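Trainee: Take 1 as the starting number for the sequence shown in the working numbering and just add one per residue.
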Amino acid sequence: MSNILKKVIKLFSIFILIIFSLGVFIMIINNNRLYVVEASRVKTNDIIKEVNEFTGVIGPKYYIDIYANDELSLENVYIKSAQIVEDKSLFKLVTANNIVDKNSITVKSENNNENIKDDIENIQINQSGEFSVSNKVYIDYISENVQLKKGELICRYCYYDTNVYVEANVSSDVLNKVVNQRPKIQFKNNNILQLKMVDYNEFQDYGQVYFDVEGLSQSTMKLYSNVELEIVKDTQCDTIVPKTAFLSYEGIKEGASGVIYIIVEEKTILGKQNVLYEQSCEISTVGKNELGISIDNWRVSPNDIKNVVKYPTSKLKMNMRVRVK
1 MSNILKKVIK LFSIFILIIF SLGVFIMIIN NNRLYVVEAS RVKTNDIIKE
51 VNEFTGVIGP KYYIDIYAND ELSLENVYIK SAQIVEDKSL FKLVTANNIV
101 DKNSITVKSE NNNENIKDDI ENIQINQSGE FSVSNKVYID YISENVQLKK
151 GELICRYCYY DTNVYVEANV SSDVLNKVVN QRPKIQFKNN NILQLKMVDY
201 NEFQDYGQVY FDVEGLSQST MKLYSNVELE IVKDTQCDTI VPKTAFLSYE
251 GIKEGASGVI YIIVEEKTIL GKQNVLYEQS CEISTVGKNE LGISIDNWRV
301 SPNDIKNVVK YPTSKLKMNM RVRVK
């Protein structure tokens with residue numbers, strides 16, 4: 001081989017090396033200038049734990065009401081409303097003839113009227129006309145009127161150890177789930193106690209639902225306290241992304257439309273680069289930290305998706321090249 005040919009080959013090799021080095025240098029500089037994003041894996045054909053959170057109020061299953069059966073005077077009220085009472089006189093009643101007995105009052109209860117006799121027997125009246133209840137009770141209401149008319153409510157109470165129910169105002173979507181799907185419903189911070197729907201009312205824009213809680217009484221749950229509840233359901237989804245990855249036009253709710261930015265690794269003359277694709281989609285399931293989404297028309301094959309931008313911003317554009325953090 002001639003010296004000239006050797007020199008040509010050597011120069012060509014040096015030229016190729018320079019071009020390659022320059023390309024690598026440009027790629028490094030270019031990558032350092034790329035917009036940095038944090039990415040998360042896209043899950044396909046996976047299970048998402050669907051969660052709907054709402055607030056309920058603890059209430060007793062039934063009250064006992066004491067009404068005046070005649071014109072009475074209410075004296076010596078020893079209690080106040082919203083008070084727990086045990087082994088204590090509640091109030092004193094006086095009649096015109098100073099004869100006060102159980103004929104002076106009417107007792108009503110929502111306890112299916114089956115145990116109304118027990119409720120009446122629990123009421124004690126002494127010779128002075130002082131009323132007490134043989135059980136530990138929660139006083140919901142006591143009249144402030146000294147002179148009582150016939151039929152007027154004197155006192156309302158419930159037994160302290162009575163079972164309670166939970167009442168909740170919910171959206172129409174949640175009502176539909178509770179009534180038609182009968183999912184698992186639990187306290188947000190206690191997944192052992194399960195709630196069972198026993199009744200509901202449906203209105204135009206919302207619903208009222210009543211839940212029974214087996215073995216739960218106001219001795220463990222304070223009456224009229226707010227409790228956080230949640231519906232938990234395992235749902236199979238085609239695609240699952242973090243909640244933060246979804247840019248919504250309508251908020252985070254089922255059926256809401258929005259976009260995600262998927263990342264595809266593409267080969268270029270400068271090597272492999274991460275390219276963004278703006279993908280229109282719709283929320284099918286709302287989980288605690290993730291969303292199940294449905295996509296009708298993929299911009300790229302799902303198999304080509306590397307991951308999804310976890311925290312998209314307004315700076316992201318279609319076909320934009322990015323650097324994954």
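All C-beta atoms, glycine included, are put in the ideal place defined by N, C-alpha and C.
Bear in mind the structure is a predicted one, so any value in this text is a computation, not a measurement.
Tell me, which residues are paired with Tyr-200 by DSSP?
Mentor: Val-209
Trainee: Would you kindly report the start and end of the unbroken beta strand (DSSP E) that includes Ile-293?
Mentor: 290 to 294
Trainee: Short of 6 Å in beta carbon distance, which residues of its chain neighbour Glu-110, apart from the five on each side in sequence? Order them along the chain.
Mentor: Tyr-62
Trainee: Within the stretch 74 to 159, note down every full beta strand (DSSP E) run reaching 3 residues or more, in order along the chain.
Mentor: 83 to 85, 91 to 94, 105 to 109, 123 to 125, 130 to 133, 137 to 142 and 153 to 159
Trainee: Which value, in whole angstroms, describes the spacing of the CA atoms of Ile-29 and Ile-262?
Mentor: Reliability fails at Ile-29, whose pLDDT of 46 lies under 50, so the model's placement of it is uncertain and no value is given.
Trainee: If I follow the unbroken alpha helix (DSSP H) through Asn-176, where does it start and stop?
Mentor: 172 to 176
Trainee: Count the other CB atoms within 10 Å of the CB of Val-85; is the residue buried (16 or more) or exposed (fewer)?
Mentor: buried
Trainee: So for Ile-252, helix, strand or coil by DSSP?
Mentor: Of the three classes helix, strand and coil, the one that applies to Ile-252 here is coil, per DSSP.
Trainee: Looking only at its chain, what residues have a beta carbon closer than 7 Å to the beta carbon of Asn-201, apart from the 5 residues adjacent to it on each side?
Mentor: Gly-207 and Gln-208
Trainee: Since Phe-211 and Ile-185 are thought to touch, with beta carbons under 8 Å apart, how far apart are those beta carbons, to the nearest angstrom?
Mentor: 7 Å
Trainee: Hey, quick one: how far does the beta strand (DSSP E) through Tyr-311 stretch, first residue to last?
Mentor: Run containing Tyr-311: none; DSSP gives neither H nor E here.
Trainee: Name the DSSP bridge partner or partners of Lys-272?
Mentor: Lys-267
Trainee: Measure the alpha-carbon distance for Glu-230 versus Pro-60 and round it to whole angstroms.
Mentor: 21 Å
Trainee: Once the 5 residues before and after Arg-299 are set aside, which same chain residues still bring their CB inside 8 Å of it?
Mentor: Ile-262, Tyr-277, Glu-278 and Gln-279
Trainee: Can you have a look at Ala-96 and say buried or exposed, based on whether 16 or more other CB atoms are within 10 angstroms of its CB?
Mentor: exposed
Trainee: Name, in chain order, the residues that DSSP records as bridge partners for Leu-229.
Mentor: Phe-54 and Phe-187
Trainee: Taking 8 Å as the threshold, find out whether the stretch 132 to 145 comes into contact with the stretch 174 to 183 through three or more Cβ pairs.
Mentor: no
Trainee: Can you tell me whether DSSP reads Val-286 as helix, strand or coil?
Mentor: Strand at Val-286.
Trainee: Is it true that the CB of Pro-312 sits closer than 8 Å to the CB of Ala-344?
Mentor: Because the chain spans 1 through 325 in this model, residue 344 falls outside it and cannot be assessed.
Trainee: Which of the three DSSP states is assigned to Lys-317 in this structure?
Mentor: Coil, per DSSP.
Trainee: Determine the DSSP secondary structure at Ile-29, reduced to helix, strand or coil.
Mentor: No answer about Ile-29 holds up, because its pLDDT of 46 lies below 50 and its placement is not dependable.
Trainee: Identify whether Thr-44 lies in helix, strand or coil by the three-state DSSP scheme.
Mentor: Looking at Thr-44 - three-state DSSP - the assignment turns out to be strand.
Trainee: Give every residue of the same chain whose Cβ lies closer than 8 Å to the Cβ of Tyr-249, excluding the five residues on either side of it in the sequence, and list them in chain order.
Mentor: Here the set comprises Ala-256, Ser-257 and Gly-258.
Trainee: Measuring only the C-alpha atoms, how far is Phe-187 from Ile-252?
Mentor: 22 Å
Trainee: If you count every other CB in all the chains shown that lies within 10 Å of the CB of Thr-44, and 16 or more means buried, which is it?
Mentor: Result: exposed.
Trainee: Run through DSSP, which three-state label would Val-300 get?
Mentor: It is coil, neither helix nor strand.
Trainee: Determine the burial state of Ile-305: buried for a count of at least 16 other Cβ atoms within 10 Å of its Cβ, exposed for fewer.
Mentor: buried
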